[in-house]
Structure formats: C-alpha cells, structure tokens
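Participant: So for the sequence shown, my numbering puts the first residue at 3; every next one is plus one.
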Amino acid sequence: MDNLVEIPNINNMDSLELSEEDIHTQANKCILEAQYLVFQKLPIIIGQIIDHEVWKEKNYKNFGEYALKQSSCGLSITNNHRLWLLKCAMDIHGQHAVEWGDVLNEVDGSVRTYAKKNKIPIKELDKNLYALDSKHTNPDIEETITYLPSRSKSNDGQLLKLRNKDKETYNKVVQGEVALKDVLPSPAPRKQLAPIESVKNKFKSLSDADREAFLAWIDEQKSSFEEN
C-alpha cells in the first residue's frame with residue numbers, strides 16, 4: 003500500500019469515458035486506499051503527533067487549536083468531513099481523550115463565531131457529525147465546520163458540557179479514571195399518561211375521517227354496553 007494508485011483529477015472524472023469494469027476497479031482501489039489511509043496510516047501519524055506534542059513546537063496552546071489551524075503549521079481540519087476523518091483516526095475514549103476534548107472545545111467556539119457572523123440560528127447548525135450534510139455550506143467548496151458539539155446528545159456533547167460545568171470531573175474522565183457514562187445524571191423518568199389521556203392525545207392527531215370512524219365505534223361500544 004506504500005505505492006498508492008494514482009487517481010484521476012476528480013474534476014475530470016465526469017469527462018472520462020470509463021468502462022463498467024474500469025469503474026468497478028477504481029471503486030475497489032479507492033475503498034482499499036481510503037481504509038489504509040484513514041484507519042491504519044493516519045491513526046499512527048496522529049498518535050505520533052500527540053506523543054511528541056508537536057503543537058507546542060509550533061506555538062499552539064493545545065492539540066485542538068493546532069488541528070483546526072488552516073495553515074502549513076496546522077492540520078487544517080476546516081470542514082465536517084475532515085473533522086470526521088480526524089475523529090476516526092483518534093482513540094477518543096482512551097489515549098487521545100484529552101486531545102479530543104480540546105478539539106471539541108475549539109470546534110464549538112469556532113462554529114459559534116461562524117454562526118454569529120453569518121446570522122445562522124444555533125438550532126440550525128449540525129448536531130450530528132455523521133450527517134455531513136450542512137444546510138449552510140458545502141464542505142468541498144467553503145472551508146467551514148458546521149458541527150456544533152454542544153448541541154449533540156452524543157458523547158461529544160456530554161463531554162463538552164462536563165468540561166464547561168465540572169472541570170474536575172471532566173479531567174477524571176479524560177484521564178481514564180472514571181467512565182463518562184458513570185458521571186452523567188440519570189435521565190428523568192418518563193411520565194406515564196393515564197390511558198384516557200393517551201386516547202385524547204391520539205384523537206387530536208387523527209384525520210377528520212378517522213375521527214368520524216372512531217366516534218361511530220364509540221357509539222357502537224356505548225350501545226353494546228347499555229344493552230348489557
């Protein structure tokens with residue numbers, strides 16, 4: 003895998019006349035190369051960067067700032083796709099938990115600044131990194147992250163909230179002293195509605211035709227009940 007296959011310029015792909023077999027072959031090569039680069043080679047390189055704390059030599063305060071910096075001195079993680087690739091390459095629940103926490107914090111601040119500048123409501127920002135389908139930017143064209151971790155209900159969001167509210171416990175989590183799930187508050191018990199209230203709520207959502215049919219059924223049941 004050291005000698006990667008040269009792939010044609012993606013801008014010219016539409017104009018290339020490839021046979022079905024060529025397309026099939028290219029797809030297989032791309033999948034294998036992507037797997038090798040993202041899940042094998044990149045994790046090793048990111049691990050070495052973290053082990054050597056390369057960002058300190060480049061005068062960044064932490065790995066997160068270094069990762070998001072768009073320059074030859076940073077990793078240029080500047081859109082949702084690249085952020086997802088970085089996450090795939092990191093041991094976010096183990097050795098790299100501290101660094102991933104720094105990335106999330108930098109991302110959240112950067113995205114909030116972007117949203118304020120462009121007058122984008124916070125509720126319209128992406129809360130799922132895996133969706134990769136921002137309403138406001140095409141990551142291939144505009145270099146912008148639109149994933150807001152603090153909106154997410156995933157571990158990313160929970161970890162960031164913990165960092166902002168309880169730094170001591172947060173440090174224990176990222177240092178591996180305690181599991182994130184063990185320090186999160188238990189979800190509030192779901193309120194159980196009385197059967198009649200459930201029926202009322204369901205009735206409100208019925209169409210006019212369904213309501214008429216339901217009321218007719220009620221009349222039938224009422225008549226049957228009175229006869230008995």
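By construction, the Cβ of each residue, glycine as well, lies at the ideal position given by its N, Cα and C atoms.
Please read these numbers as outputs of a predicted model, since none were measured by experiment.
Here's a check: name, in chain order, each residue in its chain whose Cβ is nearer than 7 Å to the Cβ of I79, leaving out the five neighbours to either side.
Facilitator: Sequence index remark: in the sequence shown, residue 79 carries index 77 (1-based). A69, L70, L85, L88.
Participant: DSSP state of Y149, grouped into three classes?
Facilitator: Within the sequence shown, numbered from 1, the residue matching residue 149 stands at position 147. Y149 falls in the strand class under three-state DSSP.
Participant: Tell me, which residues are paired with D128 by DSSP?
Facilitator: Looking up residue 128 in the sequence shown gives position 126. Y149, per the DSSP bridge assignment.
Participant: With a cut-off of 8 Å on the beta carbons, I'd call I124 and L150 a contact; round off their distance for me.
Facilitator: For the purposes of this step, residue 124 is taken as residue 122 along the sequence shown, with counting starting at 1. For the purposes of this step, residue 150 is taken as residue 148 along the sequence shown, with counting starting at 1. Correct: roughly 7 Å between the Cβ atoms.
Participant: Taking all protein chains shown into account, decide if R192 is buried (16 or more other Cβ within 10 angstroms of its Cβ) or exposed.
Facilitator: Within the sequence shown, the letter at position 190 stands for residue 192. Exposed is the call here.
Participant: My output table needs one value for C75: the three-state DSSP class, helix, strand or coil.
Facilitator: The residue you call residue 75 lines up with position 73 of the sequence shown. Reduced to three states, the DSSP call for C75 is coil.
Participant: Could you check the C-alpha separation between S136 and W102 for me, to the nearest Å?
Facilitator: Here residue 136 refers to the residue found at position 134 of the sequence shown. Here residue 102 refers to the residue found at position 100 of the sequence shown. Low per-residue confidence applies at S136: pLDDT is 47, beneath 50, and the placement is therefore not dependable, though the value from the model is reported in the following sentence. Between S136 and W102, the C-alpha separation is close to 22 Å.
Participant: What do you get for T148, buried or exposed, if any count of 16 or more other CB atoms within 10 angstroms of its CB means buried?
Facilitator: Locating residue 148 in the sequence shown gives position 146, where the first residue counts as 1. Result: buried.
Participant: Using a Cβ-Cβ cut-off of 6 Å (strictly less than) and excluding sequence neighbours within five positions of C75, which residues of its own chain qualify?
Facilitator: Looking up residue 75 in the sequence shown gives position 73. Result list for C75: K60, in chain order.
Participant: Pick helix, strand or coil for Q28, following the three-state DSSP scheme.
Facilitator: Residue numbering aside, residue 28 sits at position 26 when the sequence shown is read from its first letter. The answer is helix: DSSP assigns Q28 an H, G or I state.
Participant: Which of helix, strand or coil does DSSP assign to A181?
Facilitator: Numbered from 1 along the sequence shown, position 179 holds the residue referred to as residue 181. Note: A181 maps to coil in three-state DSSP.
Participant: For a minimum of 4 consecutive residues, which ranges assigned as the alpha helix (DSSP H) are wholly contained in the region 35 to 60?
Facilitator: With a minimum length of 4 residues, the continuous alpha helix (DSSP H) runs that stay inside the region 35 to 60 are 44 to 54, 56 to 59.
Participant: Closest to Y132 by CA distance: which of T27, T115, D53, C90 is it?
Facilitator: Here the question's residue 132 lines up with position 130 in the sequence shown. Selected option, being the one with the closest Cα: C90.
Participant: Kindly indicate which three-state DSSP category P197 falls into: helix, strand or coil?
Facilitator: Against the sequence shown, residue 197 aligns to sequence position 195. Three-state DSSP puts P197 in a helix.
Participant: Out of E55, Q28, V40, H95, state which residue places its alpha-carbon closest to the alpha-carbon of N157.
Facilitator: For the purposes of this step, residue 157 is taken as residue 155 along the sequence shown, with counting starting at 1. Of E55, Q28, V40, H95, the residue nearest in Cα terms is H95.
Participant: If I'm right that V180 touches L161 with Cβ under 8 Å, what's the distance once you round it to whole angstroms?
Facilitator: The residue labelled residue 180 in the question sits at position 178 within the sequence shown. The residue labelled residue 161 in the question sits at position 159 within the sequence shown. Contact flag wrong, Cβ pair sits at about 12 Å.
Participant: Taking the alpha carbon of Q72 as the reference point, which residue from V40, V113, E145, H98 has its own alpha carbon closest?
Facilitator: Translated into the one-based positions of the sequence shown, residue 72 becomes position 70. Comparing Cα-Cα distances from Q72 to each of V40, V113, E145, H98, the minimum goes to E145.
Participant: In whole angstroms, what separates the C-alpha of P187 from that of V40?
Facilitator: The residue you call residue 187 lines up with position 185 of the sequence shown. The residue you call residue 40 lines up with position 38 of the sequence shown. When rounded, the distance between both Cα atoms is 35 Å.
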